[in-house]
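Encoded as structure tokens, the structure appears first; notes follow it.
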């Protein structure tokens, strides 16, 4: 999403929506064939996403406990490249972003283990600290205009300082 205001400043943002449904146990859901392959791929991606969330939560926790002053928190490896999903979500998970995770759990006894697993997943995701800032950029025409104004201002200041220097030089020569 790009929003340009009157001053020519662009604010850029990105929205990622990911549906991670389908992480059921294959034996419980009874899927076979292509659906089983798809479910396995989804589960692999979710497992990798869980690893990334765990690594990011450990990193955030260590940064919090180390008061952001030591290098111990910077040595954590975040395995974004282990899955296409995590690579695509890299900016959303640990970058300049605000992230929201919605999780659904089942109310039945049959889905108890899946619900507990989901809640643990979300609990780890809650520990991730990101710091979002507004992404602003100016168009070339606006940037050129700003630089031209700055150059003319600096030229004006240079002329004023030159005139002031001439006055001081004149006073100095008169005192000699």
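Residue numbers (our numbering): 1 to 176.
We put the beta carbon where it would ideally sit given N, CA and C, even for glycine.
For residue i, three-class secondary structure by DSSP
i           : result
residue 142 : helix
residue 99  : coil
residue 128 : coil
residue 9   : strand
residue 62  : helix
residue 137 : strand
residue 92  : helix
residue 70  : Bear in mind that the predicted position of residue 70 carries a pLDDT of just 49, short of 50, making it unreliable; the figure below should be weighed with that in mind. DSSP places residue 70 in coil when its eight states are reduced to three.
residue 173 : helix
residue 111 : helix
Residue i to residue j span [Cα, whole Å]
i           : j           : result
residue 20  : residue 52  : 15 Å
residue 63  : residue 94  : 13 Å
residue 78  : residue 114 : 25 Å
residue 163 : residue 11  : 43 Å
residue 158 : residue 9   : 30 Å
residue 144 : residue 151 : 10 Å
Spatial neighbours of residue i in its chain, beta-carbon cut-off 7 Å, leaving aside the 5 residues before and after
i           : result
residue 168 : none
CB contact below 8 Å: residue i versus chain B
i          : result
residue 82 : Reference to chain B is not applicable here, since this structure consists of a single protein chain.
Whole-angstrom C-beta distance between residue j and residue i, which should lie under 8 Å
i           : j           : result
residue 127 : residue 57  : 4 Å
residue 98  : residue 132 : 5 Å
residue 103 : residue 118 : 5 Å
Own chain, CB closer than 8 Å to residue i, minus 5 neighbours either side, in chain order
i          : result
residue 55 : 76, 77, 78, 79
residue 96 : 130, 131, 132, 133, 135
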